[in-house]
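Structure, as structure tokens:
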Amino acid sequence: MQEAADMGFDPAVNKFADGSGRQENILTPANRHADSYAMLQKHTMHRRILRKAWPCYRSGQERIPGEHQMRVRRQVVTAAVFALTAAAVIATPAGSSFSYGTMQSSCAPWDGPAVEIRLTTEPAQCKRVREPYVSIAVWRGLPIHAGQVLKFGAGSDAGSAARCAKEGDCKLAQSATIVFDNYQEGSSARGHYELQFKGGEILKGTFEVKWCEERVICG
Numbered sequence: 104m105q106e107a108a109d110m111g112f113d114p115a116v117n118k119f120a121d122g123s124g125r126q127e128n129i130l131t132p133a134n135r136h137a138d139s140y141a142m143l144q145k146h147t148m149h150r151r152i153l154r155k156a157w158p159c160y161r162s163g164q165e166r167i168p169g170e171h172q173m174r175v176r177r178q179v180v181t182a183a184v185f186a187l188t189a190a191a192v193i194a195t196p197a198g199s200s201f202s203y204g205t206m207q208s209s210c211a212p213w214d215g216p217a218v219e220i221r222l223t224t225e226p227a228q229c230k231r232v233r234e235p236y237v238s239i240a241v242w243r244g245l246p247i248h249a250g251q252v253l254k255f256g257a258g259s260d261a262g263s264a265a266r267c268a269k270e271g272d273c274k275l276a277q278s279a280t281i282v283f284d285n286y287q288e289g290s291s292a293r294g295h296y297e298l299q300f301k302g303g304e305i306l307k308g309t310f311e312v313k314w315c316e317e318r319v320i321c322g
């Protein structure tokens with residue numbers, strides 16, 4: 104206070120002698136008490152805010168693993184559905200179908216005579232069938248004739264049909280209908296087919312195949 108008096112400060116009016124009123128530069132006991140009280144209020148308010156925010160923060164932290172697991176599960180389910188869909192379809196060029204192929208003599212499971220037809224997406228040559236292909240085996244109703252309709256299902260002794268990605272990697276059809284619109288023994292055949300696979304997938308189209316002479320001995 105002596106220092107304030109030396110500077111011309113009048114405590115009675117809280118002003119300097121020049122009337123400038125620069126009392127904010129003088130730390131009186133009252134000012135110091137007011138500043139301390141204001142700081143205490145701010146500190147108390149900050150603690151209250153933190154107490155309110157902390158449970159929300161912990162709750163949010165605890166929810167994160169669960170939300171992450173849900174996202175992972177959704178991704179796994181999506182990937183599984185995509186994989187099943189992709190597995191159900193053999194990749195072929197856009198707009199292509201199994202319309203070409205060959206047919207030849209073969210053997211039935213009991214070593215009786217049979218006819219095997221292999222349908223491809225491109226014109227095929229004997230002994231050089233491109234993959235993928237559709238394999239149709241006819242065990243009953245031989246010899247084949249024009250206008251003949253063959254129907255068989257999984258486990259049937261009339262024949263079988265399968266779609267093959269490659270030799271030895273085939274998916275058996277649950278049911279098949281093969282119609283021979285035209286048939287010339289030892290030359291060619293033309294007709295249409297419809298194959299149904301597990302899960303409801305249907306593969307159908309027309310075909311025109313040529314006969315390949317193969318010496319086959321059954322039994």
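The numbering of the sequence shown is the numbering used here, which starts it at 104 and goes up by one. The C-beta atom is built at its ideal place from N, Cα and C for all residues, glycine as well.
Here's the rule: buried if 16 or more other CB atoms are within 10 angstroms of the residue's CB, otherwise exposed. What is residue i?
i    : result
G204 : buried
G271 : exposed
V398 : Because the chain spans 104 through 322 in this model, residue 398 falls outside it and cannot be assessed.
S123 : Its pLDDT being 48, under 50, S123 is placed unreliably in this model, and the coordinates cannot settle the point.
Excluding the 5 residues flanking residue i on each side, which residues of the same chain have their C-beta closer than 8 Å to its C-beta?
i    : result
D214 : C321, G322
Have a look at the options and flag the residue whose alpha-carbon is nearest the alpha-carbon of residue i.
i    : options                : result
G244 : T309, S238, F255, E234 : F255
S209 : V218, S202, F201       : V218
G262 : F201, R231, P216, E317 : P216
P212 : G258, S278, R231       : G258
C273 : F300, S291, G250       : F300
G308 : W242, D284, R231       : D284
G250 : G302, A292, D260       : A292
K241 : D260, E317, R231       : Before going on, a small fix: residue 241 reads as Val here, not Lys. When each option's Cα is compared against that of V241, the closest is D260.
Using C-beta distances below 6 Å, list every residue in its chain close to residue i, excluding the 5 sequence neighbours before and after it, in chain order.
i    : result
C315 : T205, Q207, C229
V237 : F201, L222, R266
Tell whether a beta-carbon distance below 8 Å holds between residue i and residue j.
i    : j    : result
L253 : I281 : yes
Y286 : H248 : yes
A268 : P246 : no
G294 : F310 : yes
Starting from the C-beta of residue i, find all residues in its chain whose C-beta is less than 7 Å away, skip the five residues before and the five after it, and write them out in chain order.
i    : result
E225 : Y203, R233
L275 : A257, S263, A265
S278 : G256, Q299
I220 : G204, M206, I239, V312
E317 : Q207, S208
R231 : none
Enumerate, from N- to C-terminal direction, the unbroken beta strand (DSSP E) stretches of 3 or more residues contained entirely within the segment 215–273.
216–223, 236–241, 252–256, 262–269
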